[in-house]
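Novice:
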Amino acid sequence: MSAENQIERHTLSVLVDNEAGVLARVIGLFSGRGYNIDSLTVAEVDEQEHMSRITIVTLGTPPMIEQIKAQLGRLVPVHRVVDLTVECESVERELALVKVTGKGDARVEALRMSEAFRARVVDATPDSFVFEITGNTEKIDAFIGLMKPLGLREVSRTGAAAISRGPEAM
Amino acid sequence: MDKQLNGAQIVLQSLQDHGVEHIFGYPGGAVLPIYDEIFQQESIEHILVRHEQGATHAAEGYARSTGKCGVVLVTSGPGATNAVTGLTDALMDSIPMVCITGQVPTHLIGGDAFQEADTVGITRPCTKHNYLVKDINDLARIMHEAFQVATTGRPGPVVVDIPKDIQFALGPYMKPKAVKHKSYQPQIKGDMTAIKQAVELIANAKKPIFYTGGGIINSGPHASQLLRELVKLTGFPITSTLMGLGSYPSADKQWLGMLGMHGTYEANWAMHDCDLMINIGARFDDRITGVLDKFSPNSKKIHVDIDPSSINKNVMVDVAIVGDCAHVLEDMLRVYKSDAVTPDKKALASWWSEIEAWRDRKCLSYKKDAKAIKPQYAVERLYELTKDADTYITTEVGQHQMWAAQYYRFEDPNRWMTSGGLGTMGYGIPAAVGVQVAHPKSLVIDIAGEASVQMTMQEISTAVQYRLPIKIFILNNEYMGMVRQWQELLHGGRYSSSYSEALPDFVKLAEAYGATGIRAETPAELDDAIKRMIDTPGPVIFDCIVTKDENCFPMIPSGAAHNEMLLADSEGLDIEVSEAGKTLV
Ligand SMILES: Cc1ncc(C[n+]2csc(CCOP(=O)(O)OP(=O)(O)O)c2C)c(N)n1
Ligand SMILES: [Mg+2]
Chain A
283 MSAENQIERH
293 TLSVLVDNEA
303 GVLARVIGLF
313 SGRGYNIDSL
323 TVAEVDEQEH
333 MSRITIVTLG
343 TPPMIEQIKA
353 QLGRLVPVHR
363 VVDLTVECES
373 VERELALVKV
383 TGKGDARVEA
393 LRMSEAFRAR
403 VVDATPDSFV
413 FEITGNTEKI
423 DAFIGLMKPL
433 GLREVSRTGA
443 AAISRGPEAM
Chain B
823 MDKQLNGAQI
833 VLQSLQDHGV
843 EHIFGYPGGA
853 VLPIYDEIFQ
863 QESIEHILVR
873 HEQGATHAAE
883 GYARSTGKCG
893 VVLVTSGPGA
903 TNAVTGLTDA
913 LMDSIPMVCI
923 TGQVPTHLIG
933 GDAFQEADTV
943 GITRPCTKHN
953 YLVKDINDLA
963 RIMHEAFQVA
973 TTGRPGPVVV
983 DIPKDIQFAL
993 GPYMKPKAVK
1003 HKSYQPQIKG
1013 DMTAIKQAVE
1023 LIANAKKPIF
1033 YTGGGIINSG
1043 PHASQLLREL
1053 VKLTGFPITS
1063 TLMGLGSYPS
1073 ADKQWLGMLG
1083 MHGTYEANWA
1093 MHDCDLMINI
1103 GARFDDRITG
1113 VLDKFSPNSK
1123 KIHVDIDPSS
1133 INKNVMVDVA
1143 IVGDCAHVLE
1153 DMLRVYKSDA
1163 VTPDKKALAS
1173 WWSEIEAWRD
1183 RKCLSYKKDA
1193 KAIKPQYAVE
1203 RLYELTKDAD
1213 TYITTEVGQH
1223 QMWAAQYYRF
1233 EDPNRWMTSG
1243 GLGTMGYGIP
1253 AAVGVQVAHP
1263 KSLVIDIAGE
1273 ASVQMTMQEI
1283 STAVQYRLPI
1293 KIFILNNEYM
1303 GMVRQWQELL
1313 HGGRYSSSYS
1323 EALPDFVKLA
1333 EAYGATGIRA
1343 ETPAELDDAI
1353 KRMIDTPGPV
1363 IFDCIVTKDE
1373 NCFPMIPSGA
1383 AHNEMLLADS
1393 EGLDIEVSEA
1403 GKTLV
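Shown next as structure tokens:
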């Protein structure tokens, strides 16, 4: 397979006006044109200027990713689109809340594992824990994988937030 | 302090400030305050259509023939949903349009009120941008922005959805200012480095071709002028898409005719065999490229487009220039002249001799018939008898549209209005209404099919009401001819639901509307009938009875390449269309 056809995972940061319908525009673009969304996070980042930052993790061939960026750039309320995967070095973090239930050895093992992963216990009952874990997506995948045999009940993940390394801003 | 006006007054004032003279619309409960304001002023004329789809196509015809923004006004709910086809059409063909829709009052939104529809939700994917005005203080700014977004960059339709309470509310009005939009800033000037690279490729080309599109038309008549200059200077051949017809004069020797699925043999072969393709304002649409794997395999490609997302979308190019066609052409010409580029005369001469050989196939020739009118003949005669008049042509969608593109010849931009990207049957009559409103003295003809024309036939009533002398020239083959042709080609001649049964008597229908009906059934009477049509002062429906089973050639069948096209004298239609090709439309 040539590089042209290789499916890649890219993290895009999109600065938008925080106005009604802007998220619908972005999501509608992805569904309407058949692009993938692996995860999407959004929140206002500049109250004064009413700007929100959307982080989208998407999968596609390099030409497809270029097309996604161009299409995003075409939306009227979009200020900037940055491909954190190719345009700069970046850090990516995701937060997950992971509920694990059980007693005895499994419970002890879950707690031990959570310490190894630097997860925090944010809720506990005699037969359950809620762990809070942050990290990149692979780390969270790994933690959830380990919890499965130990009584994993429920997971809530934020999706990735990402930012470039170094002093430059987008 | 800014002037205080109510919402409806703000709408009218902003339309006036943007130079709007005509709007196309249909009233209803949710836009009554705006209609009341229309009633009380004189600078803007409202054209009452018979269906909201008609208003949108009329606005498109108006826009395309003038270069101005088309304006539409419709009510909430069904008014807005009826406008969706025309909005999508305008989006696909990059037509500037502002469509104002009424909405239920803000406090009722979301409650399934009478005639409530989520207009911004429904129109989000079929507009360039849309707005729901929730605060009277935003209305003036949004109206100005709507015109800016619709008319600049790659033009397109913009919806402004205005709840009825906002139309009554008092708020500030300020005049439009040339302020930079916070996030919307289309690139107009092309990158000079890329332009220089393009000129270098042009200088070294041995088998070049200009492939131009609707972007030239949208860029304005000046772009056509510059294109002509560049084409003349280089001596290169030029072809154009359906949307670009008229940007280069068809009478000129360097013109190869339209390219694409029903384009000429010489244009498509030249596209296939060229070593340099200079795409200006076209978008490598699938009607143009045929199967992508085999599209012009040995050429370097230059692409000028104002929309960055058009670049490398379907076809990867070697030099991409984002910018407005006129600006880029101007820079190209400047570099070309200052570099004193001299094209390779010898290479060009041999390229032209290849092209002449393709031309000699005379791909648009057809068998004449002494008794029955061939549709191609009808368009040829129509052209001959109207070419010296101040003529504008619109079309519906189907075979007649392709015959119009092939046999009617255009020398100037803005004279040809057709639904290219969406292929909307029913476009032609209302578009003709819009063109005629903009050019009351001109000869405006809709080259139509008997099936298409029934989709928006009621707009004849609009034409009669406003004394718009449009001519509907129906190539009546009693079939949805284009569908029939595909069924012949791909479905064993099983003509499932493509026969136009129970047709109205178009002559009587015209009379019922208060228009004039004319029928021609033989070649002998055709010329006189066309002349009568031209001389009739009011709207005319011309029922031109043509042969029923004519196919539209040349044709690149689905899934085939430019050098695999079928000609009229090909051995019938018994070619093999690949399985993959059959799934294409
Ligand atoms: C609104 C709409 N519906 C369906 C089609 C599909 N379609 C394309 S051409 C065509 C037949 C048009 O028939 P007619 O107007 O008689 O033109 P002809 O091909 O016979 O010249 C149809 C049904 C379309 N393009 N638009
Ligand atoms: Mg027909």
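Protein sequences, first through last, are from chains A and B. Residue numbers for the first sequence follow the working numbering, so the first one is 283 and each next one is one higher. Residue numbers for the second sequence follow the working numbering, so the first one is 823 and each next one is one higher. All C-beta atoms in this analysis are idealised placements derived from N, C-alpha and C, irrespective of residue type, glycine included.
1) Establish whether the CB of A:Gly310 and some CB of chain B are separated by less than 8 Å.
2) Okay, do the stretch 951-958 of chain B and the stretch 889-902 of chain B touch, 3+ Cβ pairs below 8 Å being the bar?
3) Just the C-alpha distance for B:Lys1159 and B:Ala1025, rounded to the nearest angstrom, thanks.
4) Distance, Cα to Cα, A:Ser438 vs A:Ala378?
5) When DSSP labels each residue in this structure, what does B:Ile866 get in the three-state scheme?
6) Apart from the five residues on each side of it in sequence, which residues of its chain come closer than 6 Å, Cβ to Cβ, to A:Gln288?
7) Any heavy atom of ligand 4 inside 7 Å of the beta-carbon of B:Thr1338?
8) What in chain A is Cβ-close to B:Ser1118, meaning under 8 Å?
9) Based on DSSP bridge pairs, tell me the residues matched to A:Phe413.
10) So, with DSSP's three-state summary, where would you put B:Thr878?
11) Could you run through the stretch 342-355 of chain A and flag, in chain order, every residue whose CB is less than 8 Å away from some CB of chain B?
12) In angstroms, rounded to a whole number, what distance separates the CA positions of B:Thr1015 and A:Leu322?
13) For B:Ser1072 and B:Gly933, I'd like the C-alpha separation in whole angstroms.
14) Between B:Ser1005 and chain A, is any beta-carbon pair separated by less than 8 Å?
15) Quick one: does B:Asp1153 have its CB under 8 Å from some CB of chain A?
16) Suppose contacts are defined by Cβ-Cβ distances below 8 Å. Is B:Thr1056 in contact with B:Tyr1033 by that definition?
17) In chain A, what lies closer than 7 Å to B:Lys1135 by C-beta?
18) Answer yes or no: the CB of B:Gly1245 versus the heavy atoms of ligand 1, is any distance below 7 Å?
19) DSSP three-state label for B:Gly1220, please.
20) Work out the CA separation of B:Leu1098 and B:Tyr1199 for me, nearest whole Å.
21) In chain A, what lies closer than 8 Å to B:Pro1130 by C-beta?
22) Do you know whose CA, among A:Ile336, A:Arg291, A:Ala398, lies nearest A:Arg307's CA?
23) Measure the CB-CB distance between B:Thr815 and B:Gly883 and report whether it falls below 8 Å.
24) May I have all residues whose beta carbon comes closer than 7 Å to any heavy atom of ligand 2, sorted in chain order?
25) Is B:Gln1019 helix, strand or coil by DSSP?
26) Apart from the five residues on each side of it in sequence, which residues of its chain come closer than 7 Å, Cβ to Cβ, to B:Gly841?
27) My output table needs one value for A:Asp299: the three-state DSSP class, helix, strand or coil.
28) Just to confirm my understanding: we take B:Gln831, look at its own chain, exclude 5 residues before and 5 after, and list those with CB closer than 8 Å. What are they?
29) Can you tell me whether B:Thr1405 is buried or exposed, with buried defined as 16 or more other CB within 10 angstroms of its CB?
30) Taking the straight line between their C-alpha atoms, what separation do you get for B:Lys1209 and B:Glu1202?
31) With a cut-off of 8 Å, does the C-beta of A:His292 fall near any C-beta of chain B?
32) Leaving out five residues before and five after B:Tyr1188 in sequence, what residues of the same chain have Cβ atoms less than 7 Å from its Cβ?
33) So for B:Met1279, helix, strand or coil by DSSP?
34) Which residue marks the beginning of the beta strand (DSSP E) containing B:Met1080, and which one marks its end?
35) For B:Glu1218, is the beta carbon positioned less than 7 Å from some heavy atom of ligand 1?
36) So, do the stretch 1218-1228 of chain B and the stretch 1241-1253 of chain B have three or more beta carbon pairs nearer to each other than 8 Å?
Specialist: According to the structure shown:
1) yes
2) no
3) 11 Å
4) 6 Å
5) coil
6) none
7) Summarising the ligand content, the structure contains ligand 1 and ligand 2 and does not contain ligand 4.
8) In chain order: nothing, as chain A lies at least about 18 Å away.
9) A:Val380, A:Val403
10) helix
11) Pro345, Glu348, Gln349, Ala352, Gln353, Gly355
12) 37 Å
13) 56 Å
14) yes
15) no
16) no
17) Gln349
18) yes
19) coil
20) 35 Å
21) Ala352, Gly355, Arg356
22) A:Ile336
23) Coverage of chain B is limited to positions 823 through 1407, which leaves residue 815 of chain B absent and any answer about it impossible.
24) B:Gly1220, B:Gln1221, B:His1222, B:Gly1271, B:Glu1272, B:Ala1273, B:Leu1297, B:Asn1298, B:Asn1299, B:Glu1300, B:Tyr1301, B:Met1302, B:Gly1303, B:Ser1322
25) helix
26) none
27) strand
28) Glu859, Tyr995
29) exposed
30) 10 Å
31) no
32) Lys1196, Gln1198, Ala1390
33) coil
34) 1077-1080
35) yes
36) yes
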